[in-house]
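Taken in sequence, the protein lines are chains X and D. Residue numbering for the first sequence follows this note's numbering, beginning at 622 and increasing consecutively. Residue numbering for the second sequence follows this note's numbering, beginning at 3 and increasing consecutively. Even glycine gets a Cβ: it sits at the ideal position worked out from N, Cα and C. As the structure is a computational prediction, the values presented were derived from the model and not from experiment.
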Amino acid sequence: MNCELVAAESAARMALDRRSFLMCALASSAALGAGEFTASAAAIPLASGAEAQNNAQFTYEAKFYEKLANRKIKCKLCPRECIVGDKERGYCGVRENHGGVYYTLVHSRVCAAHIDPIEKKPLFHYLPGTTAFSIATAGCNVNCKFCQNWDISQSRPEEIPAQYISPHQAADIARQYNCPTIAYTYSEPVVFAEYLMDTADAAHEAGVRSIVVSNGYMQHDSLEQAYGKMDAVKIDLKAYTESYYAKVVTGQLKPVLDSLVTLRKMGKWTEIVYLVVPTLNDDDEGFRGLAAWIKTNLGTDVPLHFTQFHPEYLLKNLPITPVATLELAKAIADAEGLHYVYIGNVPGHPAQNTYCPQCRKMLVERVGFTASQMLIRKDSTCPYCRHNIPGIWHA
Amino acid sequence: MRDLRNRSRRNFLARCITGAVALGATGLRATGEAQAAAAKSRVVVARDPLLRGSGSTIDSRRLETLLDRAMQSLFSLPATHENSIAAWRRIAGAGDTVSLKVNTLGGRGIATSVELVEAVCERLQQAGVAARNIIVWDRDSEEMERAGFRIAVGGDRVQCYGTDRAGYEDDLSAWGSVGSRFSKILTRASNVLINLPVLKDHDGAGVTISLKNMYGTIHNPNKYHPNGCDPFVADLNMLPEIRSRMKLVICDATTAMYEGGPGFKPEHSWKLNGLLVAQDAVALDFTGWQMIERKRAEMGLKTLEAEQRAPRYIATAADSEHRLGHCDAARIAVFEV
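Laid out in structure tokens, this is it:
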């Protein structure tokens, strides 16, 4: 993929000013065609080193925890339920117990900031052709062996350069650069839930929407409260087996499935990404089971993206996912009756486009991370057969 | 160099393999792994009831004497002034850069004592190591200052600072369940590592002594606390960055904790006035664990096993996959001096 070409097209289509264009270009060049990828150096200038950070300004009492005896706490943010002693941190590395009070160390502590096409998240049924001001802090509540952003997700906040961006500043930047959306992404937004919630509130006041790219590994209450403020959600469903979650993700499958059902009940627009890793989660039965579960529990209209794995982090020994495997996965999910099954990280593949499930005509054409054609009507119907196409298509 | 003639073929091979793994280590000096291959590992428990006199402050001179006694015993050397230095020459000498990994997480109450570090630095210099080639370090400079260390960077003096000033390697090192970036202090500023942990209880891991002190050398220790840190502690210690450098463990047990760790809980600490010294970190941790269990029993507490937090990682470090040392009492020779 030619990243600069994508950025140039994007700039021309959306009539961005020069500075915005440069930001998009930088963001896209960092992406290198690898889906949700970022470097810690961002288009927005960050502090030159971790030592430049003032820890106090990022430290807020956490929302989701309970106090225990002997100055310990139990974190209630994710299913891990870390019991954390005084002066210790939870598994995520960004929450610390000080004398029996639990604090987040990453409120407004942004270590990556880019303006990205929404297609890069990927969200294909949400405001196609628009951009999102995309931000992240350090930390993650799992440790996927294939993580593309491990340098920020698996680091403690003081180890990587970051910049103070308050919730209101984030909203202002999004407006300034004509981004209708703020995306919480790159690392794992679960671990900066408080910042995400405050920023979503500030953004909504400013007329800016919020979306989150997450692993969905959360407790029910934190999910409802934090992601209840989102306008759309993308969940990385890493596999359809508990053993994969245990060995490759260091997490659990069931809470993620529960989160998807909860999001469905909450009425949140949700899309699912399944990264297909050769030899580890690429068996036919897994694809079939996944598709059947989605059909039964979430319905046939939930977009499902099968994306291509690239060797990274602790799985450098595996090859890139063959396109044929992705096509097989799509064929199985299609056969199970899912209406919107996409193939991702394969530039130019026709399964990146959106087709009407009734008349089969192409409705949204995508080239790389750019929506080059969008035909869906204002009332979210197909212009050819008037079939309803679920999603959030127009601002 | 030790005489290999009386060694079995298997021990000889084990030593060769160890040497192959060591890649860049100082080679012929004794290591914990060499001891592990031998019949028994030596662990010295040195104590001085009068270490603090009648007050609470450690007497530096007595601590230095205690350290000498421990080192001479470790290498079975007669107690002479010359041998107090000769013992250190087994560890490092001119041309070596030596890093002293202290433990300052618990603050001044339960940290490696400055007096001990000063005594080690003194002996290393007498053994020929240049002051500027000695680095006292932990993960964070502020934590070190809170524990009483004075940050010193540059010049011809002993260096003292945290990884926050040096940073971590960009590349990952991986073994088993562990994938981490090492402190550049370890990888770039030292070819000899002396591990200076404290002796304390840990609410998750059971105990934290020398093997777990290596969590302070990597960027992501928070990822390795599930399941009582097992097998993460053992896997981390398998990495060549540690394995090839660690020549000696001196556990500061002047103050120890039998409950409530890793943060300092004065009500659960005791003045042990001792040092544990070994080249086999596994054997030392096993010995320290037993000392904590004895204190727990004395205080009427349950065993760590009964509390379902026995430090299983110690046995893992000794298993056939890791072979980092001995955790079988029959293969550990404890010398109380």
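Same chain, Cβ closer than 7 Å to Ile187 of chain D, five either side skipped, listed in chain order: The sequence position of residue 187 of chain D within the second sequence is 185, counting from 1. Excluding residues within five positions, the ones whose Cβ falls inside 7 Å are Ser101, Ile137, Trp139, Thr165 and Ala168.
Chain D contact for Leu935 of chain X (CB, 9 Å cutoff): Within the first sequence, the letter at position 314 stands for residue 935 of chain X. Interface residue, yes.
Backbone secondary structure at Cys231 of chain D - three-state DSSP: Residue 231 of chain D sits at position 229 when you count from the first residue of the second sequence. In the structure shown, Cys231 of chain D sits in a helix (DSSP, three-state: H, G or I).
Selection from X:Tyr861, X:Val923 and X:Tyr712 that minimises the alpha carbon distance to Leu901 of chain X: Numbered from 1 along the first sequence, position 280 holds the residue referred to as residue 901 of chain X. Measuring from the Cα of Leu901 of chain X, the nearest candidate turns out to be X:Tyr861.
Whole-Å CB distance - Thr758 of chain X paired with Val722 of chain X, under 8 Å assumed: For the purposes of this step, residue 758 of chain X is identified with residue 137 of the first sequence, where counting begins at 1. For the purposes of this step, residue 722 of chain X is identified with residue 101 of the first sequence, where counting begins at 1. Not really, about 20 Å apart at Cβ, beyond 8 Å.
Short CB-CB distance (under 9 Å) between Ala632 of chain X and chain D: Stepping through the first sequence from its first residue, residue 632 of chain X is reached at position 11. Interpretation of Ala632 of chain X is limited by its pLDDT of 30, a score under 50 that renders its predicted location unreliable; the figure taken from the coordinates is listed afterwards. Not an interface residue.
Strand pairing of His719 of chain X, partner residues [DSSP]: In the first sequence, counting from the first residue as 1, residue 719 of chain X sits at position 98. The beta-bridge partner set that DSSP reports for His719 of chain X consists of X:Val722.
Segments assigned alpha helix (DSSP H), at least 4 residues, entirely inside the region 77-108 of chain D: 83-91
Whether Asn675 of chain X touches Cys761 of chain X by CB criterion (9 Å): Numbered from 1 along the first sequence, position 54 holds the residue referred to as residue 675 of chain X. Numbered from 1 along the first sequence, position 140 holds the residue referred to as residue 761 of chain X. Against a cut-off of 9 Å, the Cβ pair of Cys761 of chain X and Asn675 of chain X comes out as no contact.
Coil, strand or helix - Ile244 of chain D by DSSP: By 1-based counting over the second sequence, the position of residue 244 of chain D is 242. Correct three-state label for Ile244 of chain D: helix.
Nearest-angstrom Cα separation, counted from Pro924 of chain X out to Gln1072 of chain X: Here chain X comprises residues numbered 622 to 1016, so residue 1072 of chain X is not present and cannot be evaluated.
Beta-bridge partners of Leu278 of chain D, as assigned by DSSP: Position 276 of the second sequence, counted from the first residue, corresponds to residue 278 of chain D. Answer by DSSP bridge pairing, in chain order: D:Val47 and D:Cys253.
Interface partners of Leu286 of chain D on chain X, CB under 8 Å: What you label residue 286 of chain D is simply residue 284 of the second sequence in a count that begins at 1. Here the premise fails: no neighbours, minimum Cβ distance about 24 Å.
For Lys768 of chain X, the three-state DSSP class (helix, strand or coil): Here the question's residue 768 of chain X lines up with position 147 in the first sequence. According to the sequence as given, residue 768 of chain X is Cys; it is not Lys. Here Cys768 of chain X sits in coil by DSSP.
DSSP state of Val811 of chain X mapped onto helix, strand, coil: Here residue 811 of chain X refers to the residue found at position 190 when the first sequence is read from its first residue. In the three-state scheme derived from DSSP, where H, G and I count as helix and E and B as strand, Val811 of chain X is classed as helix.
Residue environment, Ala283 of chain D, which counts as buried when at least 16 other CB atoms sit within 10 Å: To locate residue 283 of chain D, count along the second sequence from 1; it is residue 281. Its Cβ being crowded by 16 or more others within 10 Å, Ala283 of chain D is buried.
Residues, ordered as in the chain, of the region 213-227 of chain D that lie near chain X by beta-carbon distance below 8 Å: Under the 8 Å Cβ criterion, the region 213-227 of chain D contributes His221, Asn222, Asn224, Lys225 and His227.
Residue(s) in a DSSP beta bridge with Lys202 of chain D: Residue 202 of chain D sits at position 200 when you count from the first residue of the second sequence. Looking at the DSSP assignment, Lys202 of chain D forms a beta bridge with D:Thr210 and D:Met259.
Residue from X:Glu933, X:Trp1014 and X:Lys684 whose Cα sits closest to the Cα of Lys697 of chain X: Numbered from 1 along the first sequence, position 76 holds the residue referred to as residue 697 of chain X. Of the candidates X:Glu933, X:Trp1014 and X:Lys684, the one whose C-alpha sits nearest the C-alpha of Lys697 of chain X is X:Lys684.
Residue-level contact to chain X via CB, Tyr170 of chain D, 9 Å cutoff: Looking up residue 170 of chain D in the second sequence gives position 168. Contacts with chain X at 9 Å (Cβ-Cβ) include Tyr170 of chain D.
Span of the alpha helix (DSSP H) around Gly111 of chain D: As a working mapping, residue 111 of chain D is identified with position 109 in the second sequence. Premise fails: Gly111 of chain D is in no alpha helix (DSSP H) and is neither H nor E.
Close beta carbons around Arg1007 of chain X, own chain, < 6 Å, minus the five adjacent residues each side: On the first sequence, residue 1007 of chain X is found 386 positions in, with the first residue counted as 1. Spatial neighbours of Arg1007 of chain X in its own chain (CB-CB distance under 6 Å, excluding positions within 5 residues in sequence) are not present.
Short-range partners of chain X found in the region 106-137 of chain D, where Cβ spacing is below 9 Å: Those would be Leu107, Gly108 and Gly109, in chain order.
Cβ contact (3+ pairs, closer than 8 Å) linking the region 257-270 of chain D and the region 705-712 of chain X: yes
N-terminal and C-terminal residue of the alpha helix (DSSP H) that Phe337 of chain D is part of: For this step, residue 337 of chain D is matched to residue 335 along the second sequence. No alpha helix (DSSP H) holds Phe337 of chain D; the beta strand (DSSP E) holding it covers Ile334 to Glu338.
Arg49 of chain D versus Glu780 of chain X: straight-line alpha-carbon distance, rounded: Taking the first residue of the second sequence as position 1, residue 49 of chain D is located at position 47. Taking the first residue of the first sequence as position 1, residue 780 of chain X is located at position 159. Those two C-alpha atoms are separated by around 39 Å.
Member of D:Gln127, D:His227 and D:Gly181 whose CA lies at the smallest distance from the CA of Asp158 of chain D: On the second sequence, position 156 is the one that residue 158 of chain D refers to. Comparing Cα-Cα distances from Asp158 of chain D to each of D:Gln127, D:His227 and D:Gly181, the minimum goes to D:Gln127.
Identity of the residue in D:Leu278, D:Arg44 and D:Arg63 nearest Thr114 of chain D by Cα: Here residue 114 of chain D refers to the residue found at position 112 when the second sequence is read from its first residue. Nearest of D:Leu278, D:Arg44 and D:Arg63 to Thr114 of chain D, Cα basis: D:Leu278.
Gln281 of chain D burial status per 10 Å Cβ neighbour count (16 or more: buried): Within the second sequence, the letter at position 279 stands for residue 281 of chain D. Buried is the call here.
Extent of the continuous beta strand (DSSP E) to which Tyr963 of chain X belongs: Within the first sequence, the letter at position 342 stands for residue 963 of chain X. It spans Val962 to Gly965 - the beta strand (DSSP E) in which Tyr963 of chain X sits, taken as one unbroken run.
Stretch-stretch touch, CB-based, cutoff 8 Å, three pairs: the region 843-853 of chain X with the region 911-922 of chain X: no
CB contact check: Leu174 of chain D to chain X, cutoff 9 Å: Within the second sequence, numbered from 1, the residue matching residue 174 of chain D stands at position 172. Judged by the 9 Å Cβ criterion, Leu174 of chain D is in contact with chain X.
Within chain X, the residues that Asp205 of chain D reaches when beta carbons sit closer than 7 Å: One-based indexing of the second sequence puts residue 205 of chain D at position 203. Ordered by position in chain X, the residues that pass the 7 Å Cβ test against Asp205 of chain D are Gly706.
Met3 of chain D burial status per 10 Å Cβ neighbour count (16 or more: buried): Mapped onto the second sequence, residue 3 of chain D falls at position 1. Residue confidence is low: Met3 of chain D scores 32 on pLDDT, short of 50, so the model does not pin down where it sits. No coordinate-derived value is stated.
Under 8 Å by beta carbon: chain X residues contacting Pro264 of chain D: Taking the first residue of the second sequence as position 1, residue 264 of chain D is located at position 262. Neighbours of Pro264 of chain D on chain X, chain order: Gly706, Lys708 and Glu709.
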